[in-house]
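K.L.:
Residue numbers (my numbering): 9 to 601.
Cβ coordinates follow ideal geometry from the N, Cα and C atoms, glycine included.
Here the structure is a predicted model, which is why all the values come from computation and not from measurement.
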Amino acid sequence: MSSKNMKLNDWVSEIGKMCEPDSVYWCDGSKSEYDKMIGLMIDSGLATPLKKRPGSYLFRSDPSDVARVEDRTYISCRNKEDAGPTNNWMEPDKLKSIMKDLYKGCMKGRTMFVIPFSMGPVGSPIAKIGVEISDSPYVVVNMHIMTRVGTNVLDVLGKDGEFIKCLHSVGKPLSHGESDNGVWPCAPIEKKFISHFPEEDTIWSYGSGYGGNALLGKKCLALRIASVMARREGWMAEHMLILRLTNPAGRKFHIAAAFPSACGKTNLAMLRPTIPGWKCECIGDDIAWMKQGPDGRLRAINPEAGFFGVAPGTSYKSNPMAMESIKENTIFTNGVLTDDGDVWWEDMGVPCAHGIDWKGREWTPEKGEKGAHPNARFTTPATQCPVVCPDWEDPAGVPIDIFIFGGRRTSVVPLVIQSFDWDHGVYLGATSASEPTAAAFDVKGKIRRDPFAMLPFCGYNMGDYWTHWFEMGDKLGDNAPKIFYVNWFRKTADGKWLWPGFGDNSRVLKWMCERIEGKAGADKTPVGMMPSKNDLDLEGLNMNDSDISELLSVDSAKWAAEIPEIEEFISGFGRHMPTRMKAQVEKMKARLA
Ligand code: OXD
Ligand code: MN
Numbered sequence: 009m010s011s012k013n014m015k016l017n018d019w020v021s022e023i024g025k026m027c028e029p030d031s032v033y034w035c036d037g038s039k040s041e042y043d044k045m046i047g048l049m050i051d052s053g054l055a056t057p058l059k060k061r062p063g064s065y066l067f068r069s070d071p072s073d074v075a076r077v078e079d080r081t082y083i084s085c086r087n088k089e090d091a092g093p094t095n096n097w098m099e100p101d102k103l104k105s106i107m108k109d110l111y112k113g114c115m116k117g118r119t120m121f122v123i124p125f126s127m128g129p130v131g132s133p134i135a136k137i138g139v140e141i142s143d144s145p146y147v148v149v150n151m152h153i154m155t156r157v158g159t160n161v162l163d164v165l166g167k168d169g170e171f172i173k174c175l176h177s178v179g180k181p182l183s184h185g186e187s188d189n190g191v192w193p194c195a196p197i198e199k200k201f202i203s204h205f206p207e208e209d210t211i212w213s214y215g216s217g218y219g220g221n222a223l224l225g226k227k228c229l230a231l232r233i234a235s236v237m238a239r240r241e242g243w244m245a246e247h248m249l250i251l252r253l254t255n256p257a258g259r260k261f262h263i264a265a266a267f268p269s270a271c272g273k274t275n276l277a278m279l280r281p282t283i284p285g286w287k288c289e290c291i292g293d294d295i296a297w298m299k300q301g302p303d304g305r306l307r308a309i310n311p312e313a314g315f316f317g318v319a320p321g322t323s324y325k326s327n328p329m330a331m332e333s334i335k336e337n338t339i340f341t342n343g344v345l346t347d348d349g350d351v352w353w354e355d356m357g358v359p360c361a362h363g364i365d366w367k368g369r370e371w372t373p374e375k376g377e378k379g380a381h382p383n384a385r386f387t388t389p390a391t392q393c394p395v396v397c398p399d400w401e402d403p404a405g406v407p408i409d410i411f412i413f414g415g416r417r418t419s420v421v422p423l424v425i426q427s428f429d430w431d432h433g434v435y436l437g438a439t440s441a442s443e444p445t446a447a448a449f450d451v452k453g454k455i456r457r458d459p460f461a462m463l464p465f466c467g468y469n470m471g472d473y474w475t476h477w478f479e480m481g482d483k484l485g486d487n488a489p490k491i492f493y494v495n496w497f498r499k500t501a502d503g504k505w506l507w508p509g510f511g512d513n514s515r516v517l518k519w520m521c522e523r524i525e526g527k528a529g530a531d532k533t534p535v536g537m538m539p540s541k542n543d544l545d546l547e548g549l550n551m552n553d554s555d556i557s558e559l560l561s562v563d564s565a566k567w568a569a570e571i572p573e574i575e576e577f578i579s580g581f582g583r584h585m586p587t588r589m590k591a592q593v594e595k596m597k598a599r600l601a
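#1: Quick check: what's the CA-CA separation for H584 versus M538?
#2: Does V451 come out as helix, strand or coil in the three-state DSSP assignment?
#3: Flag this pair as yes or no: are the beta carbons of P311 and I295 separated by less than 7 Å?
#4: Is the beta carbon of A265 less than 7 Å from the beta carbon of V318?
#5: List in chain order: all unbroken alpha helix (DSSP H) runs of 4+ residues lying wholly within the segment 542-583.
#6: Please report the residue range of the alpha helix (DSSP H) in which H432 lies.
#7: Taking the alpha-carbon of Y65 as reference, which of M551, A277, G314, A55 has the nearest alpha-carbon?
#8: With a threshold of 6 Å, establish whether the CB of G220 neighbours any heavy atom of the ligand OXD.
#9: I'd like to confirm the pairing. Which residues does DSSP put opposite E246 in its beta bridges?
#10: Report all residues from its chain with a CB closer than 6 Å to the CB of G321; omit the five preceding and five following residues, and keep chain order.
#11: Along the chain, where does the alpha helix (DSSP H) containing E594 start, and where does it finish?
#12: Restricting to runs no shorter than 3 residues, where is the beta strand (DSSP E) found entirely within the segment 248-310?
#13: Give the single residue among P586, A568, P145 whose Cα lies nearest to the Cα of R599.
#14: Whole alpha helix (DSSP H) runs in the segment 96-150 with 4 or more residues, listed along the chain?
#15: Could you check the C-alpha separation between K112 and G138 for me, to the nearest Å?
#16: Tell me, please, whether the segment 522-538 touches the segment 329-344 by the rule of three or more beta-carbon pairs shorter than 8 Å.
#17: Is it true that the CB of G285 sits closer than 7 Å to the CB of P256?
#18: Would you call E594 buried or exposed, if buried means 16 or more other Cβ atoms sit within 10 Å of its Cβ?
#19: In terms of residues, what are the limits of the alpha helix (DSSP H) holding L48?
#20: Which same chain residues, not among the five before or five after A2, have their C-beta less than 7 Å away from its C-beta?
#21: With a threshold of 8 Å, are at least 3 pairs of Cβ atoms found where one atom belongs to the segment 139-147 and the other to the segment 43-59?
#22: Using DSSP with H/G/I as helix, E/B as strand and the rest coil, what is E370?
#23: Would you kindly work out how many angstroms separate the C-alpha atoms of P459 and M237, rounded to a whole number?
#24: Okay, do the segment 192-199 and the segment 278-292 touch, 3+ Cβ pairs below 8 Å being the bar?
#25: Measuring CB atoms only, is the segment 415-425 touching the segment 344-352, in the sense that at least three cross pairs come out at less than 8 Å?
#26: Across which residues does DSSP place D73 in a beta bridge pair?
#27: Over what stretch of residues does the alpha helix (DSSP H) that includes I23 continue unbroken?
#28: Taking the alpha-carbon positions, what's the K38 to R280 distance?
#29: Going by DSSP in three states, D472 sits in which element: helix, strand or coil?
#30: Let's test the definition: count the other Cβ atoms within 10 Å of the Cβ of G292 and tell me whether it reaches 16, buried, or not, exposed.
#31: How is W477 classed by DSSP in three states: helix, strand or coil?
#32: For the ligand OXD, any of its heavy atoms closer than 6 Å to the Cβ of S69?
#33: Quick one: grab the DSSP three-state call for F465.
#34: Which whole runs of the beta strand (DSSP E) in the segment 151-220 are 3 residues long or more, in chain order?
#35: Under the rule that 16 or more other beta-carbon atoms within 10 Å means buried, what is M154, buried or exposed?
#36: Have a look at V191, M14, S84 and flag the residue whose alpha-carbon is nearest the alpha-carbon of G166.
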């Protein structure tokens, strides 16, 4: 097979010549194709069917291939400054020549899959088409769930449509007659490369088969490449969940929220409000593409079609809707295989006495090691979420009322603040910080500034990205969403969580909605507008007064102590750092003095 698009056909044949696969297969996105791929992986010992979950399979990856590899991720544009100080950079010709050597013959003994996919509903004016070439059937099945794969994408592409070229190889050729034989194929860490060529709308990934390194529609296309397109074309590609909150009077609010990886975006996206009469529906859990609509408001779509969620910590307490979503037709990676043929992970809310761990070894809790990898994941279709919003695929998108930023901070940062205005909100987004999580292989240490939760995902100079945010605010004017900052993770000095979190986070969202309606009060503090105890609906929580005061307190000295580090961080962007950002730091200093 081939397509009507000569550019695509030429590219496929060029890659075929370089990678030398045994055969080429064009994916049609059908259920039978999905089943065929799964069958291949059962035969090669990579997939284990789960007796307890219909249509579901468990995979175990290689210990070197368990998360995104930020040290091996490149933004390769002609000018180093355009990638900025927060991205790894290499000159495109040099990087391509290194990678071409790796790609040479890398698909020997394997099939080369051509996966046409749409990010966003097929044919929607906001959607973008990508084509991923990959030698991994694991990638094919995950792409089936996470994006819209199919021949209809080729129909929309037509003869001369544009597409984003996504090339992927696990980097493990097979010799004649060899099979993976239960061993996850990938290349050693120093040969892994996740490269982006934003000036050519091209992605080259080599050596990893896992998650964002290999499912190129997600972080590589929908964030890194799309962020560059968005700046060029005047829209926004953000690392944000999208949800709809409906109040007891039936008014709908749409919220987009950015938190660093593994800080509870999926949980918040599927929130079950504990306050009577409020309803929450999920539109997306990871990425938002937003454009100003004809009415002047910012409209958001979720470009993805599934959830690639962190499994450990997901339970009927933390996220009952995710637990319901993953009962069937789900791919699990790096969980424990239980003796009765189910999957298990730490903090799932049920015990597991014995099983096979993510490394394929016999495991019991007494071993003292984690059974599931902390970045074990589930891949599940959005349609299986019981609270998926009926409008989640509306090509026009939903109008955003509220932006939320946040991170995981056990001290200093209070439960919630509202920005004084747009520019202050951009400052809050730009200075977001979090304690590291397991979503990145190579990020260790204490607190990292993760502006807009985009540090690993912005495809250009982060200073220019801030300018883009300021300019979007100017463009949206009075229609701009209101901006808030939250921290669900504050602890007491003796290590006790101060806030119950999960469904009770709806209380904080309620305050935000009431701020929009002009109904709820707030006090001015040096760091932003904050609710007093009486502004928040805390009914039925039985929290003691001192915990509430601590959650809603601002210690100016502690905030001031972080300013030198913030100044150093933003000054790292040199001439790309917008003067409006500098002005915000000065204002913050004056308010804290
Ligand atoms: C993700 C991430 O997988 O942010 O969503 O790491
Ligand atoms: Mn993410």
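P.N.:
According to the data block:
#1: Position 576 of the sequence shown, counted from the start, is the residue given in the question as residue 584. Position 530 of the sequence shown, counted from the start, is the residue given in the question as residue 538. The alpha-carbon atoms of H584 and M538 are separated by roughly 32 Å.
#2: Indexing the sequence shown from 1 puts residue 451 at position 443. The pLDDT assigned to V451 is 48, lower than 50, so where the model puts this residue is not dependable; a value taken from the coordinates is nonetheless given after this. Three-state DSSP puts V451 in coil, outside helix and strand.
#3: Against the sequence shown, residue 311 aligns to sequence position 303. Against the sequence shown, residue 295 aligns to sequence position 287. In contact: P311 and I295 (Cβ atoms closer than 7 Å).
#4: Working through the sequence shown from its first residue, we reach residue 265 at position 257. Working through the sequence shown from its first residue, we reach residue 318 at position 310. No. Outside cutoff.
#5: Fully enclosed alpha helix (DSSP H) runs of no fewer than 4 residues occupy 553-559, 564-579 of the segment 542-583, in order along the chain.
#6: What you label residue 432 is simply residue 424 of the sequence shown in a count that begins at 1. From DSSP, the alpha helix (DSSP H) with H432 extends over 430-438.
#7: Numbered from 1 along the sequence shown, position 57 holds the residue referred to as residue 65. When only C-alpha atoms are compared, the closest one is A55.
#8: Position 212 of the sequence shown, counted from the first residue, corresponds to residue 220. True, at least one ligand heavy atom lies under 6 Å from that Cβ.
#9: Along the sequence shown, one-based indexing puts residue 246 at 238. According to DSSP, E246 bridges with A296.
#10: To locate residue 321, count along the sequence shown from 1; it is residue 313. Excluding residues within five positions, the ones whose Cβ falls inside 6 Å are D355.
#11: Looking up residue 594 in the sequence shown gives position 586. Segment 587-600, the alpha helix (DSSP H) holding E594.
#12: If we require 3 residues or more, the beta strand (DSSP E) runs fully inside the segment 248-310 come out as 249-254, 260-266, 287-292, 296-300, 306-309.
#13: Reading the sequence shown from its first residue, position 591 is the one you call residue 599. A568 is the residue among P586, A568, P145 whose C-alpha sits nearest the C-alpha of R599.
#14: Fully enclosed alpha helix (DSSP H) runs of 4 or longer: 100-111.
#15: Here residue 112 refers to the residue found at position 104 of the sequence shown. Here residue 138 refers to the residue found at position 130 of the sequence shown. Their Cα atoms are separated by approximately 23 Å.
#16: The segment 522-538 vs the segment 329-344: no contact.
#17: Sequence index remark: in the sequence shown, residue 256 carries index 248 (1-based). Sequence index remark: in the sequence shown, residue 285 carries index 277 (1-based). Contact flag set, yes.
#18: Taking the sequence shown and counting its residues from 1, the one referred to as residue 594 is at position 586. With fewer than 16 other Cβ atoms from the protein chains shown falling within 10 Å of its own Cβ, E594 counts as exposed.
#19: If you number the sequence shown from 1, residue 48 lands on position 40. Per DSSP, the unbroken alpha helix (DSSP H) holding L48 starts and ends at 39-51.
#20: Missing from the structure shown is residue 2; the chain here goes from 9 to 601 and no further.
#21: Verdict: yes, contact present.
#22: Locating residue 370 in the sequence shown gives position 362, where the first residue counts as 1. Note: E370 maps to strand in three-state DSSP.
#23: Here residue 459 refers to the residue found at position 451 when the sequence shown is read from its first residue. Here residue 237 refers to the residue found at position 229 when the sequence shown is read from its first residue. Answer to the nearest angstrom: the Cα atoms are 19 Å apart.
#24: Contact between the segment 192-199 and the segment 278-292 is absent, because fewer than three Cβ pairs lie under 8 Å.
#25: With the cut-off at 8 Å, the segment 415-425 and the segment 344-352 do not touch.
#26: Working through the sequence shown from its first residue, we reach residue 73 at position 65. Looking at the DSSP output, D73 bridges to nothing.
#27: To locate residue 23, count along the sequence shown from 1; it is residue 15. Here the alpha helix (DSSP H) through I23 covers 14-27.
#28: Within the sequence shown, numbered from 1, the residue matching residue 38 stands at position 30. Within the sequence shown, numbered from 1, the residue matching residue 280 stands at position 272. One detail in the question is off: residue 38 reads as Ser in this sequence, not Lys. Cα to Cα, S38 sits roughly 33 Å from R280.
#29: For this step, residue 472 is matched to residue 464 along the sequence shown. Helix, per DSSP.
#30: Taking the sequence shown and counting its residues from 1, the one referred to as residue 292 is at position 284. In the assembly as shown, G292 is a buried residue. Its beta-carbon has 16 or more other beta-carbons within 10 Å.
#31: Taking the sequence shown and counting its residues from 1, the one referred to as residue 477 is at position 469. In the three-state DSSP reduction, W477 falls in the helix class (H, G or I).
#32: Against the sequence shown, residue 69 aligns to sequence position 61. No, the ligand OXD has no heavy atom inside 6 Å of this Cβ.
#33: Locating residue 465 in the sequence shown gives position 457, counting from the first residue. In the structure shown, F465 sits in coil (DSSP, three-state: anything other than H, G, I, E or B).
#34: The segment 151-220 contains these whole beta strand (DSSP E) runs: 172-177, 201-205, 210-214.
#35: What you label residue 154 is simply residue 146 of the sequence shown in a count that begins at 1. M154 counts as buried, since no fewer than 16 other beta carbons sit within 10 angstroms of its beta carbon.
#36: Looking up residue 166 in the sequence shown gives position 158. Checking every option, the nearest Cα to that of G166 belongs to M14.
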